[in-house]
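In this text, residue positions in the sequence shown follow the numbering used here: the first is 5, and each later residue adds one. A virtual CB, placed ideally from N, CA and C, is assigned to each residue, including glycine.
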Amino acid sequence: MSSAQWNAAVPSFSSPGESNLASITPGALAALLGSQNGGCRRENSGGWRSNVGSNEFSPPVDVFDTPTSYAVHVSLPGARREDIGVNYDEDKSEIQISGVVLRGGDEEFLKTLIISERNAGLFEKKVRLGDQTHPPVVDAHKITAKLENGVLEVIIPKREKGVNDYGNKKVQVS
5 MSSAQWNAAV
15 PSFSSPGESN
25 LASITPGALA
35 ALLGSQNGGC
45 RRENSGGWRS
55 NVGSNEFSPP
65 VDVFDTPTSY
75 AVHVSLPGAR
85 REDIGVNYDE
95 DKSEIQISGV
105 VLRGGDEEFL
115 KTLIISERNA
125 GLFEKKVRLG
135 DQTHPPVVDA
145 HKITAKLENG
155 VLEVIIPKRE
165 KGVNDYGNKK
175 VQVS
């Protein structure tokens with residue numbers, strides 16, 4: 005945004021304690037926030053990152069290591085199960101989750117967006133289980149994935165060592 009655009013969009017303050025914030029138009033606010041392309045979002049470092057020009061995000065996850073399985077919970081509010089892909093890569097001991105979260109509404113309605121705090125667009129998340137010296141022993145063919153209330157739950161059952169069950173697996177999301 006140029007300084008002229010900034011000066012035109014930002015309200016002037018005529019005297020201490022007075023503001024004419026109501027004079028900011030939705031379009032000017034959107035330009036200030038960069039929200040037409042996703043707004044701003046807080047990063048793990050504590051800073052803020054602009055989503056301007058970006059349609060991709062990495063959803064937050066929780067990973068649990070129980071005695072019988074690994075459970076991966078992925079926060080995907082607004083996602084539809086048919087728009088999510090889950091794969092397990094045995095060579096990397098990695099769950100790969102990707103897809104798209106779409107905003108509701110038609111194109112005209114979406115043009116009126118002025119503040120955007122939810123993630124929308126393409127996403128990808130890779131979660132490595134174990135490490136190179138201690139790879140997990142899992143049953144790739146029994147992995148399940150379920151999307152419920154905006155949370156994708158992927159269950160990766162553990163198996164006994166020595167049981168041969170190697171291979172990559174595409175997981176159906178239910």
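Residue j beta carbon less than 8 Å from that of residue i
i	j	result
valine 90	valine 142	no
serine 178	glutamate 128	no
asparagine 151	alanine 83	At residue 151 the sequence reads leucine, which differs from the asparagine that was named. Their beta carbons are under 8 Å apart, which means leucine 151 touches alanine 83 by this criterion.
Reduced DSSP category for residue i - H, G, I as helix; E, B as strand; rest coil
i	result
glycine 42	Since pLDDT at glycine 42 reaches only 41, below the 50 mark, its modelled position is unreliable, and the value read off the structure follows with that caveat. Of the three classes helix, strand and coil, the one that applies to glycine 42 here is coil, per DSSP.
alanine 124	coil
arginine 84	coil
histidine 77	strand
lysine 162	strand
leucine 151	strand
lysine 146	helix
glutamate 94	coil
leucine 114	helix
leucine 156	strand
serine 178	coil
isoleucine 101	strand
glycine 89	strand
arginine 132	strand
valine 141	coil
Presumed contact (8 Å Cβ cut-off) between residue i and residue j, rounded CB distance
i	j	result
glycine 154	proline 64	At roughly 12 Å, the Cβ-Cβ gap does not stay under 8 Å, so glycine 154 and proline 64 are not in contact.
Same chain, Cβ closer than 6 Å to residue i, neighbours up to 5 away in sequence not counted
i	result
isoleucine 159	Ser73, Ala75, Thr148
aspartate 66	His77
leucine 133	Tyr74, Ser97, Pro140
phenylalanine 68	Ala75
tyrosine 92	Ile99, Ala144, Ile147, Lys173
CA nearest to the CA of residue i, picked from the options
i	options	result
lysine 130	Ile101, Leu114, Ala124, Gln136	Ile101
glutamate 86	Leu156, Thr70, Gly109	Leu156
serine 79	Val104, Asp110, Thr70, Asn59	Val104
Cβ shell of residue i (< 7 Å), same chain only, five flanking positions each side left out
i	result
arginine 163	Val141, Val142, Asp143, Asp169
leucine 114	Arg107
Beta-carbon contacts of residue i that lie in its chain and below 8 Å, excluding the five residues immediately before and after
i	result
glutamate 60	Gly125, Leu126, Phe127, Glu128
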